[in-house]
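J.: Got a structure for you, written out below as structure tokens; questions coming shortly.
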Amino acid sequence: MTLAQALFVVALAGVLVAVVGFGFVMVSAAARSGGGSYLSTGLLRRLQRSPEERAEFNRWAFYAHRFTGFAVFAFLCLHIVDISLYTFAPGAFDEVHVLYGWTSMRIFECGLLFAILFHTFNGLRILAIDFADLGSRASRGLLTGAVVLTVLLGLGGSAVIMAPVFA
Amino acid sequence: MTEPSSKKIRVTVSRSDPGTERTFLVERIEPMMVLDLLIAIQREHDPSIGFRYSCRVAMCGTCTLRMDGRAILACQTPLEPDRDKVRLDPLAGLPVVRDLVVDMKPFFEEWARVKPYLEPVEGLDEPARIRPDSPERQIIDPSLDCITCGACYSSCGIADHKRDFLGPAALNRAMLLIADSRDAAGAERLDAVTASDGVDRCHYIYGCSAVCPKGLDPAAAIRRLRRWRLEGRPR
Ligand code: FES
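Sequence order for the protein chains is A and B.
Numbered by the working numbering, the letters in the first sequence go through residues 1 to 167 in order.
Numbered by the working numbering, the letters in the second sequence go through residues 1001 to 1235 in order.
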């Protein structure tokens, strides 16, 4: 492994630690003072029973939106640096971009794809709530659409990303 | 008719003094409200438990707490017959005074910031009325009846993180006063609610509308205020 590659791996590990740390802080703050229903087996029963309880999906979408937003932003910071290598160190750029073909990196890219897709579709959902004046039920319908699109496009994109590994 | 039952329910209560008992096995009655549960604990298990209530008919907004995380009025929330355990906590995002009792000051500070009372336009013919079938009344009526219980504030996810946000109750109140043609402070209020700590802080978590014990929809009020900012308030 070259020095440029080692530095990239260390920086990527830093990004992952930051993302996990952000998720941990967010979840513990939500559990402490988020004001939402606690996750328990009883909650599953109540979700089936009452539309008011199902409004909680909007809350979880909010947390997922923040988490995916932070994850995409953190990686983007690193990605700007590794892309900009091309302007002043093309050799290092080539070395670093070999890493994007590693299986572990491809798995990371799949996760990133899911994060980008969810953040995009959920962001559009939030815009639609204002434009179309949508209440809780309709916004949950749109959330279902956002999740379905994320899963379908994410699986399709992941198949493309992982294809060279299985070729 | 209240029926005694041989069933027991396991109640876990958030206590502020670490030395006090937190879990109680309470005899069930049918039907049983959450407030009945607390009164039973106070009478039969631990008289020192701290909780608050007054009217017992969902009018005063004093008994708000969280059941399994969700803000409720203890006096009007029944325990489902098949439930065998429950967890009770104080409202989120407000300083705990003791056990289930919180200090509502942060909530009422936000409430006060929107001038939650009518400032009459000068020269109105008394009594100034808004016709029941008028569009204005259609906006105002569904948003009345707030009992300032703080359930929406606790469920907001933004307001209860102690960020600078007016919160759902204050915004709902501001919306109905802005809609009221007898009110002279509408423009000033619209400026206040569309400032950086106003409607834009809402991320449509819908916790407020989902938990409001009076069936109000503060999220709809917030969407309306955002529209009025662009289109001007209705007149
Ligand atoms: S005791 Fe008054 S609202 Fe519950």
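Every residue, glycine too, gets a C-beta built ideally from N, C-alpha and C.
Because the structure is a prediction, the values reported are computed rather than measured.
#1: Report the start-end ranges of each beta strand (DSSP E) in the region 1071 to 1100 of chain B that is 3 residues or longer and not cut off at the edges.
#2: Starting from Y100(A), find everything on chain B with Cβ-Cβ shorter than 7 Å and list it in chain order.
#3: Looking only at C-alpha atoms, which of S40(A), H65(A) and A64(A) sits nearest to E53(A)?
#4: Could you check whether the Cβ of I129(A) sits closer than 8 Å to any Cβ belonging to chain B?
#5: Do A1058(B) and the ligand FES come close, with the Cβ less than 7 Å from some heavy atom?
#6: Which of the residues in the region 52 to 64 of chain A, read from start to end, lie with their CB under 7 Å from any CB of chain B?
#7: Can you confirm whether C1156(B), when its beta carbon is compared against all beta carbons of chain A, has any partner nearer than 8 Å?
#8: Quick one: give me the first and last residue of the alpha helix (DSSP H) that V1193(B) is part of.
#9: Between which two residues does the alpha helix (DSSP H) containing T150(A) stretch?
#10: Taking the alpha carbon of S1014(B) as the reference point, which residue from R1087(B), L1094(B) and G1123(B) has its own alpha carbon closest?
#11: Pull the bridge partners of L1025(B) from the DSSP assignment, please.
#12: Go through its chain and collect everything with a Cβ distance to A1219(B)'s Cβ below 8 Å, but skip five positions before and after it.
#13: In this structure, does DSSP put P51(A) in helix, strand or coil?
#14: Listing by chain order, which chain A residues have their CB less than 8 Å from the CB of R1087(B)?
#15: Compare the C-beta of S1143(B) against all C-beta atoms of chain A and say whether one is closer than 8 Å.
#16: Relative to the C-alpha of M1104(B), which residue among D1125(B), Y1153(B) and A1071(B) is closest?
#17: Please report the straight-line C-alpha distance between V1114(B) and A1195(B), rounded to a whole angstrom.
#18: Give the range of the alpha helix (DSSP H) segment to which M26(A) is assigned.
#19: Between V27(A) and T68(A), what straight-line distance do the alpha-carbon atoms span, to the nearest angstrom?
T.: Put simply:
#1: Taken in chain order, the complete beta strand (DSSP E) segments of 3 residues or longer contained in the region 1071 to 1100 of chain B are 1085 to 1089 and 1096 to 1098.
#2: Within chain B, not a single residue places a beta-carbon under 7 Å from that of Y100(A); the smallest gap is close to 34 Å.
#3: Nearest neighbour of E53(A) by Cα position, chosen from S40(A), H65(A) and A64(A), turns out to be S40(A).
#4: Output row for I129(A): interface = yes.
#5: True, at least one ligand heavy atom lies under 7 Å from that Cβ.
#6: Within the region 52 to 64 of chain A, the qualifying residues are E52, A55, N58, R59 and F62.
#7: So, interface residue.
#8: Its alpha helix (DSSP H) spans residues G1186 to V1193.
#9: Per DSSP, T150(A) belongs to the alpha helix (DSSP H) from S136 to F166.
#10: S1014(B) has its Cα closest to that of R1087(B), out of R1087(B), L1094(B) and G1123(B).
#11: Assignment of beta-bridge partners to L1025(B) by DSSP yields R1010(B).
#12: Excluding residues within five positions, the ones whose Cβ falls inside 8 Å are P1168, C1202, Y1204, Y1206, C1208 and S1209.
#13: In the three-state reduction of the DSSP assignment, P51(A) falls in the helix class, which pools H, G and I.
#14: Close to R1087(B), with beta-carbon spacing below 8 Å, are these residues of chain A in chain order: Y38.
#15: So no, S1143(B) is outside the interface.
#16: If we check each option's Cα against that of M1104(B), Y1153(B) comes out closest.
#17: Cα to Cα, the separation comes out at about 12 Å.
#18: Judged by DSSP secondary structure, M26(A) falls within the alpha helix (DSSP H) whose first and last residues are L3 to S33.
#19: If you draw a straight line from the Cα of V27(A) to the Cα of T68(A), it comes to about 13 Å.
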